[in-house]
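Everything below concerns the one structure shown next.
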Amino acid sequence: CDPQQSKQTVMRLTKPTLFTNMPVTCEDRDLPGDLFIRLMKDDPSTVKGAETLILGEMLTLPQNFGNIFLGETFSSYISVHNDSNQVVKDILVKADLQTSSQRLNLSASNSAVSELKPECCIDDVIHHEVKEIGTHILVCAVSYTTQTGEKLYFRKFFKFQVLKPLDVKTKFYNAEVSLTDEVFLEAQIQNITTSPMFMEKVSLEPSMMYNVTELNNVSAGIESESTFGRMSYLQPLDTRQYLYCLKPKPEFAEKAGVIKGVTVIGKLDIVWKTNLGERGRLQTSQLQRMAPGYGDVRLSLELIPDTVSLEEPFDITCKITNCSERTMDLVLEMCNTRSVHWCGVSGRQLGKLSPSASLSIPLKLLSSVQGLQSISGLRLTDTFLKRTYEYDDIAQVCVVCPYTSPES
Amino acid sequence: SELGSQEHPDETLEASVPPQTDPTEESIDLDAEAFVSPQDDSSHSESLVDKLNDQMMESVMISDSPNSEEEDVVPIDSLLEQNEEEEPKTPDDADTEERIEDVRNKDVSAAEPEEASGALFKEENEGEKIVQVDDKRETVAPDDPKPEAPKTQESALEMDSDSTPKDEAVPVCTIFSQGVQLKAQALIPDGFQPTLVKSPSFTIGNTETPNKLVPQVCQPSPSLSKFFTDSSAVNPASDFFDSFTTSTSFVSISNPNAESPKAAAPPESPLVSAPTAAGTYFTPVATKPQVAPAEPMNKLQAVFPSGDDPFGSALVTSDLDKRRDAWLPSEDTRRVLISVATQQVSPVQIDREQLAMPGLKFDNLQGDAVKDLMQRFLGDQAAMKRQVLSANSVEQNFLGLKRLISTKNWRAAVDLTGRLLTAHGQGYGKSGQPTNHTTDSLQLWFVRLALLVKLSLFQNAELEFEPFGNLDHPDLYYEYYPTVYPGRRGSMVPFSMRVLHAELPQYLQKPQETLDRLHRIKSVCQKILSNLQEGLAEDGSMMNLTQDNRLASIQLWRSRLSRVMYSMANCLLMMKDYMLAVETYHSIIEYEPEQRVQLLSGIGRIFLQIGDIRTAEKYFQDVEKGCQSKGKTANEDTSVLMNRAFVYLSQNNYADAHTCFSSVLELDPKNPVANNNAAVCLLYLGRLKESLGQLESLVHKDPALYLHESVLFNLTTMYELESSRSTQKKQALLEAVACREGDSFNVQCLKLV
Chain P
1 CDPQQSKQTV
11 MRLTKPTLFT
21 NMPVTCEDRD
31 LPGDLFIRLM
41 KDDPSTVKGA
51 ETLILGEMLT
61 LPQNFGNIFL
71 GETFSSYISV
81 HNDSNQVVKD
91 ILVKADLQTS
101 SQRLNLSASN
111 SAVSELKPEC
121 CIDDVIHHEV
131 KEIGTHILVC
141 AVSYTTQTGE
151 KLYFRKFFKF
161 QVLKPLDVKT
171 KFYNAEVSLT
181 DEVFLEAQIQ
191 NITTSPMFME
201 KVSLEPSMMY
211 NVTELNNVSA
221 GIESESTFGR
231 MSYLQPLDTR
241 QYLYCLKPKP
251 EFAEKAGVIK
261 GVTVIGKLDI
271 VWKTNLGERG
281 RLQTSQLQRM
291 APGYGDVRLS
301 LELIPDTVSL
311 EEPFDITCKI
321 TNCSERTMDL
331 VLEMCNTRSV
341 HWCGVSGRQL
351 GKLSPSASLS
361 IPLKLLSSVQ
371 GLQSISGLRL
381 TDTFLKRTYE
391 YDDIAQVCVV
401 CPYTSPES
Chain E
1 SELGSQEHPD
11 ETLEASVPPQ
21 TDPTEESIDL
31 DAEAFVSPQD
41 DSSHSESLVD
51 KLNDQMMESV
61 MISDSPNSEE
71 EDVVPIDSLL
81 EQNEEEEPKT
91 PDDADTEERI
101 EDVRNKDVSA
111 AEPEEASGAL
121 FKEENEGEKI
131 VQVDDKRETV
141 APDDPKPEAP
151 KTQESALEMD
161 SDSTPKDEAV
171 PVCTIFSQGV
181 QLKAQALIPD
191 GFQPTLVKSP
201 SFTIGNTETP
211 NKLVPQVCQP
221 SPSLSKFFTD
231 SSAVNPASDF
241 FDSFTTSTSF
251 VSISNPNAES
261 PKAAAPPESP
271 LVSAPTAAGT
281 YFTPVATKPQ
291 VAPAEPMNKL
301 QAVFPSGDDP
311 FGSALVTSDL
321 DKRRDAWLPS
331 EDTRRVLISV
341 ATQQVSPVQI
351 DREQLAMPGL
361 KFDNLQGDAV
371 KDLMQRFLGD
381 QAAMKRQVLS
391 ANSVEQNFLG
401 LKRLISTKNW
411 RAAVDLTGRL
421 LTAHGQGYGK
431 SGQPTNHTTD
441 SLQLWFVRLA
451 LLVKLSLFQN
461 AELEFEPFGN
471 LDHPDLYYEY
481 YPTVYPGRRG
491 SMVPFSMRVL
501 HAELPQYLQK
511 PQETLDRLHR
521 IKSVCQKILS
531 NLQEGLAEDG
541 SMMNLTQDNR
551 LASIQLWRSR
561 LSRVMYSMAN
571 CLLMMKDYML
581 AVETYHSIIE
591 YEPEQRVQLL
601 SGIGRIFLQI
611 GDIRTAEKYF
621 QDVEKGCQSK
631 GKTANEDTSV
641 LMNRAFVYLS
651 QNNYADAHTC
661 FSSVLELDPK
671 NPVANNNAAV
681 CLLYLGRLKE
691 SLGQLESLVH
701 KDPALYLHES
711 VLFNLTTMYE
721 LESSRSTQKK
731 QALLEAVACR
741 EGDSFNVQCL
751 KLV
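Chains as they are written, first to last, in full-length UniProt numbering: chain P, 1 to 408; chain E, 1 to 753.
Here is the structure:
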């Protein structure tokens with residue numbers, strides 16, 4: 001008597017694939033005549049009427065385990081088949097998934113099937129969204145009772161690796177004119193799988209302090225077009241840059257002016273699809289941003305032109321905020337750089353500034369060099385503590401020569 | 001931050017994951033599990049029987065490589081074996097299973113020490129990782145990042161806190177693992193932060209297990225073509241010599257002029273003697289039949305009665321030939337052809353470097369994989385019953401060749417082309433020796449190479465294509481043989497052979513070469529079309545064409561252009577350059593308006609393959625509109641239903657996909673695609689037996705349609721899933737195949753070996 005009465009098999013159900021065929025054609029007057037085209041027309045896997053199109057409609061089952069990536073759904077067919085010629089009873093099939101940190105039960109039902117006739121099977125399709133990277137082991141256990149009342153139990157283990165599908169890098173930029181305290185987030189998302197990926201959704205879920213504007217569409221009339229063009233898929237190892245603008249909500253805006261340290265910006269939510277709609281979803285951890293260190297005194301710009309003429313004075317307005325806990329007595333110095341020349345008196349007294357207070361000062365300067373120039377060279381000295389704060393690279397202006405323009 | 005990340009995902013997760021995987025339930029289950037399962041175990045602790053069972057059981061994981069599968073499964077099984085051997089020694093209490101689980105976990109983690117041990121707390125840190133601000137006030141001093149980067153995150157943070165306000169701007173890279181480190185290091189200057197990605201619904205802190213030692217295994221996404229690629233070996237060289245050393249004779253197959261060189265041309269005229277293949281490099285002695293194999297010779301000569309053969313005795317240049325053979329040679333080739341035509345130079349004097357000198361590169365492919373399998377699995381007696389046509393069993397001529405092709409005995413057909421080419425003086429070992437070409441010899445080469453490609457013997461095809469260069473040698477043009485083909489112009493190389501030649505490199509991982517060749521063909525087609533439209537002949541000469549002729553020629557060349565564009569689109573699709581592939585397929589509609597529905601549906605399927613369901617639906621809607629304008633309701637059209645089914649499938653809605661495929665069957669009960677696809681849907685619905693029954697009955701009812709490798713592959717896969725008797729069932733399929741299919745049948749889809 002064969003002790004092995006029921007048999008269990010497991011097959012991973014990735015999406016089926018479309019059969020591709022290989023067209024070899026000839027013309028009527030070639031030696032094979034219509035033979036080649038007739039063979040192709042008779043082939044059930046070709047597209048009728050367009051036999052030269054390689055992508056057919058015939059579905060084929062997955063042939064190998066393939067790769068599985070974090071955020072995708074692991075699906076598997078579990079079949080327990082009675083190979084004996086006797087009825088077995090009280091069959092209980094259990095499928096568990098063991099990860100490095102936990103063990104999950106994936107079976108649809110945990111109740112035993114009362115009997116299984118010969119040549120019959122118990123089928124179960126399990127699904128699990130994988131949430132961990134690394135080794136996973138699918139543990140399938142079957143217990144049953146033979147006709148002689150013997151209780152049998154066996155288990156099988158299927159090990160697979162879950163890989164990381166995406167590489168995400170982020171970078172924050174602060175708006176130059178910091179009246180609004182806008183923050184820009186650039187996210188670089190790289191497909192590190194081996195197949196193309198359709199990015200269905202890449203959105204930033206802002207934290208409660210911010211409103212977000214996605215800057216990944218260019219609106220042309222009514223329809224807005226993606227900055228990535230018509231094809232919104234990522235080839236293996238391709239990287240794409242997404243840009244978001246974050247504005248503090250009004251109730252936080254004023255506070256943000258003096259906010260220090262780490263703030264939570266939000267998290268990226270990414271949904272992608274691959275072959276025939278195989279879906280994956282991931283979120284980043286909370287993105288945190290170190291608010292720019294304003295130190296004791298914050299110098300921001302309220303007004304600055306984007307383009308100025310060469311060697312022509314222009315105006316900017318600076319806002320100086322006392323971010324410290326004490327009153328300051330400030331002196332403003334203006335140091336020329338290679339390109340930037342300040343107009344007016346350097347070393348002027350700005351007077352006393354109490355904590356959290358701010359004042360605006362208009363300044364005049366000119367640039368002697370064309371191109372994109374950094375505005376640098378402002379120095380604030382607190383005469384109480386004899387401490388000097390340096391402000392370089394505050395903003396950039398584009399310096400153009402007015403004489404070369406066609407109008408003049 | 002981890003808490004925060006748990007808040008949102010729940011609602012979204014529900015959509016995609018069945019409720020039992022809800023994170024909170026999981027953790028509860030996990031605890032319960034550890035205590036519940038021991039009871040199971042103790043109630044069945046007939047450990048001896050257990051052990052026996054576990055050994056007998058064969059873990060069938062459908063995996064791409066059987067070896068790696070064993071590596072994966074066996075160690076754990078054996079680990080477990082050890083554990084379970086301990087089982088009887090331990091008291092039969094409730095702790096047993098728990099303990100075993102622990103041991104096993106340890107074992108598992110021991111197998112991946114880096115992953116399990118170091119990872120866990122590293123991860124905790126990463127959870128609280130700071131994404132550093134780059135406020136672009138300061139550039140990084142060159143010394144700073146380098147010592148910092150290789151350090152762990154802690155040191156990076158320390159530096160951060162120590163730094164003066166001025167230093168705050170230094171971008172600090174937080175690093176997950178050694179694996180990422182190298183990359184991160186390189187990225188420091190641009191200030192980008194690697195960002196932790198995790199499943200939105202994940203509860204436990206360690207998502208980011210560093211898999212530094214686990215390289216991204218490039219397991220190709222499932223593709224049948226890969227799976228079935230045949231790399232069957234060429235017969236050893238010794239075989240060639242055994243069978244072909246004697247036949248060095250030259251026999252022209254069908255060209256009467258070439259057949260009797262002595263009669264046609266007095267030996268003192270070099271111009272005429274050239275086509276006899278003697279050339280300057282053959283001494284007349286060498287060309288004469290030395291050991292004429294009498295029987296094949298007779299057969300071969302009887303083969304081409306001039307009346308039957310459309311290619312022979314084509315002395316009268318018909319309009320049909322003219323437009324078919326038209327081609328634009330390269331400048332060098334054109335010069336040679338002009339000088340031959342004006343008798344400035346005789347072909348004898350032409351540098352052999354410029355000639356195409358093909359020869360067989362391997363001997364017969366004989367062999368019938370189906371029969372071999374029968375011998376192995378069903379015994380010699382059953383194998384004896386397998387009767388297929390061989391090169392010997394048919395007429396040694398084009399008719400016999402056609403018979404072999406139509407009965408799908410392509411290997412035998414390749415053998416026969418070899419014999420016929422040998423008779424033509426282009427047999428084994430003749431490569432590199434001057435020869436003369438005829439319409440027939442090139443047609444034979446085309447058929448031979450086409451069949452090699454059909455048999456996926458790409459390397460062999462490449463080898464034999466090689467002497468033809470880029471199919472532009474002067475001796476491949478009719479003008480080169482003014483006495484044999486007086487007045488005939490154009491290329492002897494069939495257009496289909498050019499396409500084949502262009503398509504071949506893509507199957508050998510050189511798709512760029514394929515595109516280059518296709519573009520060359522395309523530009524010739526376009527030039528010829530523009531010549532025709534300007535009132536010139538195909539080759540640009542001032543020749544009067546009748547209006548009918550011109551229109552017919554334009555039609556022919558437009559269809560050739562569209563064939564080339566199909567090849568381009570197919571190649572781009574294989575290269576996964578979807579953007580260009582879609583554009584190219586779309587542009588074919590202009591040339592083949594009657595294929596609009598198929599092309600638009602095909603483009604839609606490309607988008608489904610990428611995962612872009614929305615765009616796919618747009619194309620499918622275009623198909624539906626087209627059908628409605630034709631007066632058909634959408635439901636009456638099989639392609640519309642088929643497209644809908646694919647969309648459902650892509651939405652994981654296998655039930656509705658199955659309904660759609662079934663409604664195709666109501667309109668067209670014999671539709672093999674719908675039948676097969678409906679069965680595949682049933683499997684995904686957990687209805688293996690039904691699915692299997694359906695496919696099986698189809699194969700039995702209509703083997704002509706269903707003994708196809710895709711269907712058989714599905715069927716055998718399900719056999720493997722269904723029962724341990726799959727081998728017997730596969731053997732039954734083998735018998736069915738043996739009755740119907742020729743020697744070109746790809747037995748790999750039976751998965752017997």
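The beta-carbon is built from N, C-alpha and C at its ideal position, and this holds for glycine as well.
Under 7 Å between the Cβ atoms of residue i and residue j?
i: P:Leu-282; j: P:Gly-71; result: yes
i: E:Leu-449; j: E:Leu-421; result: no
i: E:Arg-517; j: E:Ala-502; result: yes
i: P:Ser-309; j: P:Ser-339; result: no
i: E:Asp-472; j: E:Ser-330; result: yes
i: E:Ser-726; j: E:Glu-720; result: yes
Is there a C-beta anywhere in chain E that falls below 7 Å from the one on residue i?
i: P:Leu-185; result: no
i: P:Ser-203; result: no
i: P:Lys-273; result: yes
i: P:Tyr-244; result: no
i: P:Pro-355; result: no
Using the beta-carbon count (16 or more within 10 Å), is residue i buried or exposed?
i: P:Val-80; result: buried
i: E:Pro-672; result: buried
i: E:Ile-338; result: exposed
i: E:Ala-294; result: The predicted position of E:Ala-294 is uncertain, since its pLDDT is 38 and thus under 50; a value taken from the coordinates is nonetheless stated next. Flag for E:Ala-294 reads exposed.
i: E:Phe-620; result: buried
i: residue 433 of chain P; result: Nothing in the structure corresponds to residue 433 of chain P, since chain P is present only between 1 and 408.
i: E:Leu-667; result: exposed
i: residue 757 of chain E; result: Since the displayed chain E opens at 1 and closes at 753, residue 757 of chain E lies outside it and no answer follows.
i: E:Ser-231; result: With a pLDDT of 39 at E:Ser-231, under the threshold of 50, the predicted position of this residue should be treated as unreliable, though the coordinate-derived value follows. Exposed, since its Cβ has fewer than 16 Cβ neighbours within 10 Å.
i: P:Asp-43; result: buried
Is there a Cβ from chain P that is less than 7 Å from the Cβ of residue i?
i: E:Thr-483; result: no
i: E:Glu-533; result: The residue asked about is misnamed: residue 533 of chain E is Gln in this sequence, not Glu. Judged by the 7 Å Cβ criterion, E:Gln-533 is not in contact with chain P.
i: residue 780 of chain E; result: The question about residue 780 of chain E has no answer here: the residues shown for chain E are numbered 1 through 753.
i: E:Asp-612; result: yes
i: E:Glu-71; result: Any reading at E:Glu-71 must be qualified, since the residue scores a pLDDT of 36, below 50, and its modelled position is unreliable; no value is offered.
When you check each C-beta in the segment 14 to 27 of chain P against every C-beta of chain E, which residues fall closer than 9 Å? Of all residues in the segment 14 to 27 of chain P, Thr-14, Lys-15, Pro-16, Thr-17, Leu-18, Phe-19, Thr-20, Asn-21, Met-22, Pro-23, Val-24, Thr-25, Cys-26, Glu-27 have a Cβ within less than 9 Å of some Cβ in chain E.
With 8 Å as the limit, tell me which residues of the segment 719 to 750 of chain E have their beta carbon closer than that to any beta carbon of chain P; keep them in chain order. From the segment 719 to 750 of chain E, only Glu-720, Leu-721, Glu-722, Ser-723, Ser-724, Arg-725 have a Cβ closer than 8 Å to chain P.
Using a Cβ-Cβ cut-off of less than 7 Å, give me the residues of the segment 634 to 656 of chain E that come near chain P, in sequence order. Correct list: Met-642, Leu-649, Ser-650, Gln-651, Asn-652.
Taking only beta carbons into account, state which residues of the segment 39 to 50 of chain P come closer than 9 Å to chain E, listed in chain order. Residues passing the 9 Å Cβ filter: Leu-39, Asp-42, Asp-43, Pro-44, Ser-45, Val-47, Lys-48, Gly-49, Ala-50.
Between the segment 445 to 456 of chain E and chain P, which residues of the former have a C-beta closer than 7 Å to a C-beta of the latter? Contact residues of the segment 445 to 456 of chain E toward chain P are Phe-446, Val-447, Ala-450, Val-453, Lys-454 (C-beta to C-beta distance below 7 Å).
Give a yes or no on contact between the segment 385 to 392 of chain E and the segment 466 to 476 of chain E, applying the rule of three or more CB pairs nearer than 8 Å. The segment 385 to 392 of chain E, when compared against the segment 466 to 476 of chain E, does not touch it at the 8 Å Cβ threshold.
Decide if the segment 116 to 132 of chain P is in contact with the segment 691 to 702 of chain E; the criterion is three or more beta carbon pairs, one per stretch, under 8 Å apart. Taking 8 Å as the limit for Cβ pairs, the verdict is that the segment 691 to 702 of chain E does not touch the segment 116 to 132 of chain P.
To be precise: take each residue of the segment 79 to 99 of chain P, compare its Cβ to all Cβ atoms of chain E, and keep it if any distance is under 7 Å. Which residues remain? Contacts with chain E (Cβ-Cβ distance below 7 Å) from the segment 79 to 99 of chain P involve Ser-79, His-81, Asp-83, listed in chain order.
Is the segment 397 to 404 of chain P in contact with the segment 300 to 316 of chain P, if contact means three or more CB pairs nearer than 8 Å? A contact between stretches requires three or more CB pairs, one per stretch, nearer than 8 Å, and the segment 397 to 404 of chain P meets this requirement with the segment 300 to 316 of chain P.
Is the number of C-beta pairs between the segment 271 to 285 of chain P and the segment 53 to 72 of chain P that are closer than 8 Å three or more? Because the criterion of three Cβ pairs below 8 Å is met, the segment 271 to 285 of chain P and the segment 53 to 72 of chain P touch.
In the segment 598 to 609 of chain E, which residues sit with their C-beta less than 7 Å from some C-beta in chain P, listed in chain order? Listed by position, the residues of the segment 598 to 609 of chain E near chain P (Cβ gap below 7 Å) are Gln-598, Leu-599, Gly-602, Arg-605, Ile-606, Leu-608, Gln-609.
Could you run through the segment 121 to 141 of chain P and flag, in chain order, every residue whose CB is less than 8 Å away from some CB of chain E? Cβ contacts with chain E come from Cys-121, Asp-123, Asp-124, Val-125, His-127, His-128, Glu-129, Val-130, Lys-131, Glu-132, Ile-133, Gly-134, Thr-135, Ile-137, Ala-141.
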